[in-house]
Amino acid sequence: MTEIINWLSLQAKILFNILKFLVPAIPMTIKITLLSFFIAVSLGLFIGLARVSHKRLFSSLSKIYVDIIRGVPLLVQIFFIYFGLGKILNLDRFLAGVLAVGICYSAYLAEIFRAGISAIHRGQYEAALSLGMTPYQTMRYVIFPQSLRIIIPPTANEFIASLKDSSLVSIIGLRELTRAGREYYSQYFVDFHTWLLVGLIYLVMTLTLSRIVSWTEKKFKVIGFGMH
Amino acid sequence: MENLFIIEANELVKRFGEVLALNKVSLSVKRGEVVVIIGPSGSGKSSLLRSLNGLEKVDSGEIIIDGIKLDQGEKTIHKIREEIGMVFQQFNLFPHLSVLKNLTLAQEIVRGRKKELSEKVAEELLDKVGLSEKTDVFPAQLSGGQQQRVAIARSLAMNPKIMFFDEPTSALDPEMIGEVLEVMKKLAKEGMTMLVVTHEMGFAKEVADRIIFMDQGRIVDEGSTDYILNQSKNPRTKEFLSKVL
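In the order they appear, the protein sequences are chains A and B. Quick note on numbering: this note's numbering labels position 127 of the first sequence as 1563, and the sequence is numbered without any gaps. Quick note on numbering: this note's numbering labels position 237 of the second sequence as 551, and the sequence is numbered without any gaps.
1) If you compare alpha carbons, which of B:Leu486, B:Ser484, B:Arg463 and B:Asp487 is closest to Lys500 (chain B)?
2) When DSSP labels each residue in this structure, what does Thr390 (chain B) get in the three-state scheme?
3) Between Leu439 (chain B) and Ala465 (chain B), how many whole angstroms is the CB-CB distance? I'm expecting something under 8 Å.
4) Locate the alpha helix (DSSP H) running through Ala1551 (chain A), then write down its first and last residues.
5) So Leu1479 (chain A) and Ser1554 (chain A) are supposed to be a Cβ contact under 8 Å. How far apart are they, rounded?
6) Using the Cβ count rule (16 or more neighbours within 10 Å means buried), how would you classify Met1663 (chain A)?
7) Determine the DSSP secondary structure at Ala471 (chain B), reduced to helix, strand or coil.
8) Check whether the Cβ atoms of Pro453 (chain B) and Gln461 (chain B) lie closer than 7 Å to each other.
9) Are the CB atoms of Ala1546 (chain A) and Val1502 (chain A) nearer to each other than 7 Å?
10) I'd like to check one pair, Ile1517 (chain A) with Leu1378 (chain A): are the Cβ atoms closer than 7 Å?
11) Determine the chain B residues that contact Pro1581 (chain A) at a beta-carbon separation under 9 Å, and present them in chain order.
12) Going by DSSP, what residue range makes up the beta strand (DSSP E) through Val301 (chain B)?
13) Can you tell which of A:Ile1500, A:Ile1637 and A:Ser1622 has the C-alpha that lies nearest to the C-alpha of Ser1603 (chain A)?
14) Thinking Ile351 (chain B) and Met528 (chain B) are a contact (beta carbons under 8 Å), I'd like their distance in whole angstroms, please.
15) Using the Cβ count rule (16 or more neighbours within 10 Å means buried), how would you classify Thr1630 (chain A)?
16) Give a yes or no on whether 7 Å exceeds the smallest Cβ distance from Ile320 (chain B) to chain A.
17) Assuming Gly505 (chain B) and Gly346 (chain B) make a contact with CB atoms under 8 Å, what is their CB distance in whole Å?
18) Taking 7 Å as the CB-CB cut-off, is Gln461 (chain B) touching chain A?
19) Who are the near neighbours of Ser361 (chain B) in its chain, counting only those whose CB is closer than 7 Å to its CB and skipping five residues on each side?
20) Based on Cα-Cα distance, which residue from B:Arg427, B:Lys344 and B:Gly387 lies nearest to Ala471 (chain B)?
21) Does DSSP put Gly1520 (chain A) in a helix, in a strand, or in coil?
22) Along chain A, in chain order, which residues have C-beta atoms closer than 9 Å to that of Glu396 (chain B)?
23) With DSSP as the reference, label Asp1601 (chain A) as helix, strand or coil.
24) Consult DSSP for Asn1442 (chain A) and reduce its assignment to one of helix, strand or coil.
25) Using 7 Å as the limit for Cβ to Cβ distance, is Val1640 (chain A) near chain B?
26) Roughly how many angstroms lie between the CA atoms of Val1626 (chain A) and Gly1533 (chain A), to the nearest whole one?
27) Going by DSSP in three states, Ser340 (chain B) sits in which element: helix, strand or coil?
28) Note down, in chain order, all residues in the stretch 479 to 490 of chain B with a beta-carbon under 8 Å from any beta-carbon belonging to chain A.
29) Does the beta carbon of Ala420 (chain B) come closer than 7 Å to any beta carbon on chain C?
What follows is the structure, given as structure tokens:
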């Protein structure tokens, strides 16, 4: 009996030590995720609007962008931006990591935005234009607000995915959660407990986010909307 | 001096791929005139309306609305669209906005009216179409006939000089057609210039100054309501009327 208790308290001690080591790295993971997602949304919106543009040049250029970015693994993009472009543009690890994740996700978001905008019926454009609105006003006041309902759920999923993918920037030495896990392991050679905890911390963050997302979705439900 | 004709269209040609939707269509409409356009589906009626307010770009021909030439430049298109209200078969209300907001949005961002004024205008017009108690509901909570009346009020809120109606009652259940036609008749009697694509011959008889019959992208017959309905010898007109009357 005492053996079991001793064993359990040892386990708890190990886990607690690892946790103490990991927790300070969590803010970096959050920082990378938030910043890269901010880049992804801004860039993705721009690319998404270009995708639905009537101007051939815009729509084909943005299509090429999306195809390239989606066709190359994020890890390779991180290497390319940090080791390739980083040397030329003098990017530090943080900026390179954030840019790589942001650019990668901008392509996925652009497709989500494009789909959301295309889903709105043509009659909505025609009604808005017939009232004298400019194409910009039509997009801003009529089309985009309606697209939001279609856009938000998959965008939230991408946000959660980008939180997980932020672990990839550990490879260029950014000390976020996964990197901290590797450092702990290489100092103390405790593999099972370390990766169990790293995994659990990600899980807590992603589950919390999904909860927030479904709560917001309910909150923003407008009466009768989407029944059209 | 103001031009007698508020709408002038000369030799409009519009192609959709192989199909010739408008085949050298010319048309002049006087101020205050109510013109009803009839014809089989695919005859170019809607294309004509949509070309006149720039929703479709014509391949050739000239359009002058209230003295402004529609030269397809962005600025003139918006200017012209401000003067022309358009009512669609599918209503096309903005589903994410309340009825009141549907009426005030364009007033505020296009006409630059203050919120109080645009709401006042909106409330007066909703009263006119008999929906003053529906300001705060959303379009999906209204019947088809009510939605179409809101759509008419939304167009009128911009104080257009001309109203286009593109089969405004075709998507409505029969019992709702009357309420929409009543609003349109009221407008016609107030002297609004109207171009109406419809199959409602009762409406045409009552308020139209002139009827245009289109077939295969051309105006094949036109004249006063009495002429088209009773006197025209044109075999295509007679055949069409025998089906809809």
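Cβ coordinates follow ideal geometry from the N, Cα and C atoms, glycine included. The model shown is predicted, which means the values in this text are computed figures rather than measured ones.
Taking the definition as stated:
1) B:Arg463
2) DSSP places Thr390 (chain B) in helix when its eight states are reduced to three.
3) Under the criterion of beta carbons closer than 8 Å, Leu439 (chain B) and Ala465 (chain B) do not qualify as touching, at roughly 11 Å.
4) For Ala1551 (chain A), the enclosing alpha helix (DSSP H) stretches over residues Arg1529 to Ser1554.
5) Not quite, the Cβ-Cβ distance comes to about 19 Å (not below 8 Å), so this is no contact.
6) Since pLDDT at Met1663 (chain A) reaches only 40, below the 50 mark, its modelled position is unreliable, and no value is offered.
7) coil
8) yes
9) yes
10) Given a span of 1437 to 1664 for chain A in the structure shown, any question on residue 1378 (chain A) remains unanswerable.
11) Result: Phe408, His410 and Leu411.
12) The structure shown does not extend to residue 301 (chain B), since chain B spans only 315 to 559, so no value can be given for it.
13) Ranking the options by Cα distance to Ser1603 (chain A), first place goes to A:Ile1637.
14) 6 Å
15) buried
16) no
17) 5 Å
18) no
19) Lys328, Ala335, Leu336 and Glu370
20) B:Arg427
21) It is helical.
22) Leu1567 and Gly1568
23) helix
24) helix
25) no
26) 27 Å
27) strand
28) none
29) Of the protein chains in this structure, namely A and B, none is chain C.
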